[in-house]
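First residue of the sequence shown? That's 168 in the numbering used here, and the numbers climb one at a time after it.
Glycine included, C-beta positions come from ideal geometry on N, C-alpha and C.
The structure presented is a predicted model; accordingly, all values stated were derived computationally and were not measured.
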Amino acid sequence: MTLLAILVGTLVAGIGSVWLAAWLSFGVLNRYTQHMLSLAAGALLATAFLHLLPEAFESEAGAHELFLTLLIGLVFFFLLDKAQLWHHGHEHGQAYHHGHAPGQLSGHDHKARDHGHLHDHHAKDKLGGQWAVLAGDSVHCFGDGILIASAFMADMRLGVIAALAVLAHEVPHHMGDLAVLRQGSSSRKAAIVKVSMAGAVTALGGALGYVLVDALHDWLPYFLVVASSSFVYVALADLIPQLQKRLSARQTAEQILWLAVGMGMVLVVSVLAGHQH
Numbered sequence: 168m169t170l171l172a173i174l175v176g177t178l179v180a181g182i183g184s185v186w187l188a189a190w191l192s193f194g195v196l197n198r199y200t201q202h203m204l205s206l207a208a209g210a211l212l213a214t215a216f217l218h219l220l221p222e223a224f225e226s227e228a229g230a231h232e233l234f235l236t237l238l239i240g241l242v243f244f245f246l247l248d249k250a251q252l253w254h255h256g257h258e259h260g261q262a263y264h265h266g267h268a269p270g271q272l273s274g275h276d277h278k279a280r281d282h283g284h285l286h287d288h289h290a291k292d293k294l295g296g297q298w299a300v301l302a303g304d305s306v307h308c309f310g311d312g313i314l315i316a317s318a319f320m321a322d323m324r325l326g327v328i329a330a331l332a333v334l335a336h337e338v339p340h341h342m343g344d345l346a347v348l349r350q351g352s353s354s355r356k357a358a359i360v361k362v363s364m365a366g367a368v369t370a371l372g373g374a375l376g377y378v379l380v381d382a383l384h385d386w387l388p389y390f391l392v393v394a395s396s397s398f399v400y401v402a403l404a405d406l407i408p409q410l411q412k413r414l415s416a417r418q419t420a421e422q423i424l425w426l427a428v429g430m431g432m433v434l435v436v437s438v439l440a441g442h443q444h
């Protein structure tokens, strides 16, 4: 009975939060899609610095080990991005060698090839950010599953409250996830499916937490730090640079406002949830 409650609670929290975020992002806030990048950056940074990292450092894990994990996580996601760029460059080189020789290209062909190259390069750049978000989201959701399982095993009512709290605090950064994926080649449906699959990892964490809650609980701070490193990297290396462009004073103010909205959403739900899962 407890395992069934854990599975239901984790699926509702993990996938339900994605669908609610999708409804807000693509329904209510659809007309503001041009501002979702700023909101995504704010939500991801706030999730990392106001929720995940403080919770990790409140544990008994050593600060040195947690900072080392954060550093390794940042380097890992940087290398993931580099791997995507290397793969793109390798493919482009092969395509060039198998295509026309330079002298055989007309001016129109040059423009078409250059345009296609820039488009593919942009898509490839986004792919690394997408995988970083999905990887971090999966780790975060796995940790959420362990926490929900722990709460259900302590008290059924506490488990229900924990599942609802997880659902609430996941919505803002899932909105950020969806915004990041939509910046790449993903359609709305594909973005929702990908983030939902990451959200479903909550159930995996819950099932393993039910069996190995004592052993896995010691690793939870490190899971939280790895998830934080992915959110910080994507926000600072992928999203923020796209916002660093010359804009009017009004457009700059709108960017700052939506960045603050993203941070504020995470802060509000953290306060309402009592900073507890």
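Quick check: the Cα distance between residue i and residue j, rounded to an integer number of angstroms?
i      : j      : result
Asp344 : Gly366 : 11 Å
Val436 : Val428 : 12 Å
Val438 : Leu206 : 19 Å
Leu174 : Thr419 : 44 Å
Leu383 : Gly229 : 17 Å
Lys249 : Gly240 : 14 Å
Gly376 : Leu314 : 8 Å
Leu237 : Thr214 : 15 Å
Ala479 : Arg324 : Outside the shown range of the chain, which is 168 to 444, sits residue 479, and nothing can be said about it.
Ile182 : Gln411 : 33 Å
Met227 : Gln422 : The sequence as given places Glu at residue 227; Met does not occur at that position. Straight-line Cα distance between these residues: approximately 38 Å.
Gly312 : Leu391 : 12 Å
His254 : Tyr389 : With a pLDDT of only 44 at His254, under the threshold of 50, the placement of this residue in the model should not be trusted; the figure read from the coordinates follows. For His254 and Tyr389, the distance between alpha carbons rounds to 30 Å.
Arg349 : Leu191 : 14 Å
Leu379 : Ala329 : 19 Å
Trp386 : Ser363 : 24 Å
Leu334 : Val179 : 7 Å
Ala316 : Leu331 : 13 Å
Arg417 : Gly326 : 46 Å
Trp298 : Met342 : 16 Å
Ala374 : Phe319 : 12 Å
Phe224 : Leu233 : 8 Å
Asp304 : Leu414 : 32 Å
Asp381 : His231 : 23 Å
Val393 : Glu222 : 13 Å
Ala172 : Val360 : 24 Å
Quick one: what's got a C-beta closer than 6 Å to residue i's C-beta in the same chain, skipping five residues either side?
i      : result
Pro339 : Ala210, Met432 and Val433
Arg355 : Phe193
Met168 : none
Ser395 : Ala215, Leu219 and Leu220
Confirm the yes/no value for this check: CB of residue i, any heavy atom of the ligand HEM, distance under 7 Å.
i      : result
Phe224 : In terms of ligand content, the structure shown is empty, and the ligand HEM therefore cannot be addressed.
Leaving aside the five residues before and after residue i along the sequence, list all residues of the same chain whose C-beta is less than 7 Å from its C-beta, in chain order.
i      : result
Ala302 : Ser397
Gln409 : Leu204
His202 : Glu421 and Trp425
Cys308 : Gly181, Ala365, Gly366, Val368, Thr369 and Gly372
Leu170 : Tyr377
Would you please state the rounded distance, in angstroms, between the beta carbons of residue i and residue j? I believe it to be under 8 Å.
i      : j      : result
Val445 : Val300 : The requested residue 445 is not part of the displayed model; the chain covers only 168 to 444.
With a CB to CB cut of under 8 Å and the five nearest residues on each side skipped, what residues in its chain are close to residue i?
i      : result
Met430 : Gly209, Ala210, Leu212, Ala213 and Leu217
Touching or not, the segment 391 to 411 and the segment 180 to 188, by the rule of three or more beta carbon pairs under 8 Å?
No, they do not touch.
Touch check for the segment 225 to 244 and the segment 359 to 373: three-plus C-beta pairs under 8 Å?
Verdict: no, contact absent.
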